[in-house]
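A.B. asks: Residue 53 in the UniProt record's numbering sits at position 53 of the sequence shown; the count goes up by one each step and never skips.
Cβ coordinates follow ideal geometry from the N, Cα and C atoms, glycine included.
Here it is, the structure in full.
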Amino acid sequence: MVDNIDLLRQDLIDLIYAELGGDSQFDREGGQFPNRDRAEEIVDDGILALAKKYDALKLYP
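Here is the structure:
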């Protein structure tokens with residue numbers, strides 16, 4: 001179950017990252033990925049909100 005959640009999480013991050021426009025070459029060359037980080041925050045916040053709503057925190061840390 002956790003593997004499926006991790007795969008879904010990664011797919012959602014990739015989709016949101018693309019919608020945010022990716023990161024500039026300047027950022028990537030500097031080793032920074034602000035839009036990637038933001039996409040991860042959005043997905044993790046959503047997962048946590050769903051877990052709280054359905055009292056399923058045991059399924060995803």
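1. Specify the secondary structure class of Phe-33 as computed by DSSP and reduced to three states.
2. Specify the secondary structure class of Tyr-54 as computed by DSSP and reduced to three states.
3. Could you check which residue in Val-43, Lys-53 and Gln-25 has the C-alpha nearest to that of Leu-8?
C.D. replies: The relevant details are as follows:
1. Phe-33 falls in the coil class under three-state DSSP.
2. Coil.
3. Comparing Cα-Cα distances from Leu-8 to each of Val-43, Lys-53 and Gln-25, the minimum goes to Val-43.
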